[in-house]
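Remarks on the structure that follows.
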(Lines of atoms letter the chains of each structure in order from A; the text may use other names.)
(Lines give C-alpha, C1' and ligand atoms only; values in the text may rest on other atoms or scores of the structure.)
Protein backbone atom coordinates (compact mmCIF):
# COMPACT_ATOMS: atom_id res chain seq x y z
CA UNK A 412 0.00 0.00 0.00
CA UNK A 413 1.37 3.35 -1.04
CA UNK A 414 1.04 6.08 1.56
CA UNK A 415 1.49 9.64 0.42
CA UNK A 416 0.80 13.02 2.01
CA UNK A 417 -2.60 14.55 1.29
CA UNK A 418 -2.13 17.19 -1.41
CA UNK A 419 -3.17 20.77 -0.77
CA UNK A 420 -5.80 20.60 -3.53
CA UNK A 421 -7.63 17.74 -1.78
CA UNK A 422 -7.56 19.56 1.56
CA UNK A 423 -8.85 22.77 -0.02
CA UNK A 424 -11.68 20.92 -1.78
CA UNK A 425 -12.69 19.25 1.48
CA UNK A 426 -12.63 22.55 3.36
CA UNK A 427 -14.84 24.17 0.71
CA UNK A 428 -17.28 21.28 1.02
CA UNK A 429 -17.49 21.69 4.80
CA UNK A 430 -17.94 25.45 4.49
CA UNK A 431 -20.76 25.06 1.99
CA UNK A 432 -22.43 22.35 4.09
CA UNK A 433 -22.25 24.57 7.18
CA UNK A 434 -23.71 27.49 5.21
CA UNK A 435 -26.58 25.26 3.99
CA UNK A 436 -25.68 25.86 0.36
CA UNK A 437 -28.01 24.67 -2.40
CA UNK A 438 -27.74 20.99 -3.36
CA UNK A 439 -26.09 21.70 -6.72
CA UNK A 440 -23.28 23.56 -4.93
CA UNK A 441 -22.72 20.62 -2.57
CA UNK A 442 -22.68 18.25 -5.55
CA UNK A 443 -20.07 20.42 -7.28
CA UNK A 444 -17.97 20.37 -4.12
CA UNK A 445 -18.22 16.58 -3.92
CA UNK A 446 -17.13 16.29 -7.55
CA UNK A 447 -14.21 18.64 -6.83
CA UNK A 448 -13.08 16.44 -3.91
CA UNK A 449 -13.34 13.29 -6.03
CA UNK A 450 -11.47 14.92 -8.90
CA UNK A 451 -8.70 16.17 -6.60
CA UNK A 452 -8.33 12.71 -5.04
CA UNK A 453 -8.19 11.03 -8.45
CA UNK A 454 -5.57 13.48 -9.70
CA UNK A 455 -3.47 12.93 -6.56
CA UNK A 456 -3.64 9.15 -6.90
CA UNK A 457 -2.75 9.35 -10.58
CA UNK A 458 0.24 11.57 -9.81
CA UNK A 459 1.39 9.25 -7.02
CA UNK A 460 1.17 6.22 -9.30
CA UNK A 461 3.07 8.02 -12.05
CA UNK A 462 5.84 8.87 -9.57
CA UNK A 463 5.90 5.30 -8.29
CA UNK A 464 6.21 3.84 -11.78
CA UNK A 465 9.07 6.14 -12.79
CA UNK A 466 11.07 5.89 -9.55
CA UNK A 467 11.32 2.13 -9.17
CA UNK A 468 13.33 0.01 -11.58
CA UNK A 469 11.65 -2.93 -13.20
CA UNK A 470 11.77 -6.12 -11.16
CA UNK A 471 11.39 -8.25 -14.24
CA UNK A 472 14.43 -8.83 -16.42
CA UNK A 473 13.49 -10.65 -19.61
CA UNK A 474 16.29 -11.91 -21.83
CA UNK A 475 15.54 -13.50 -25.16
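Residue numbers (this note's numbering): 412 to 475. Think of the CB as a built atom: it goes at the ideal place given N, C-alpha and C, for glycine as much as any other residue.
Original post:
In the structure shown, what three-state DSSP assignment does residue 419 receive?
Top reply: Counted from its first residue, the chain shown places residue 419 at position 8. Note: residue 419 maps to helix in three-state DSSP.
Original post:
To the nearest angstrom, how far is it from the Cα of residue 429 to the Cα of residue 473?
Top reply: By one-based count along the chain shown, residue 429 stands at place 18. By one-based count along the chain shown, residue 473 stands at place 62. Looking at the two C-alpha atoms, the distance is approximately 51 Å.
**OP:** Tell me whether residue 436 sits in a helix, a strand or coil according to DSSP, three-state version.
**Re:** Along the chain shown, read from residue 1 onward, the residue named residue 436 stands at position 25. Residue state for residue 436 is assigned as coil, using DSSP reduced to three classes.
Subject >> Inter-residue spacing [alpha-carbon to alpha-carbon] between residue 460 and residue 438 >> reply: Translated into positions along the chain shown, residue 460 becomes position 49. Translated into positions along the chain shown, residue 438 becomes position 27. Their backbone Cα atoms lie some 33 Å apart in a straight line.
Original post:
In terms of alpha-carbon separation, which member of 448, 462 and 452 lies closest to residue 425?
Top reply: Taking the first residue of the chain shown as position 1, residue 425 is located at position 14. Of the candidates 448, 462 and 452, the one whose C-alpha sits nearest the C-alpha of residue 425 is 448.
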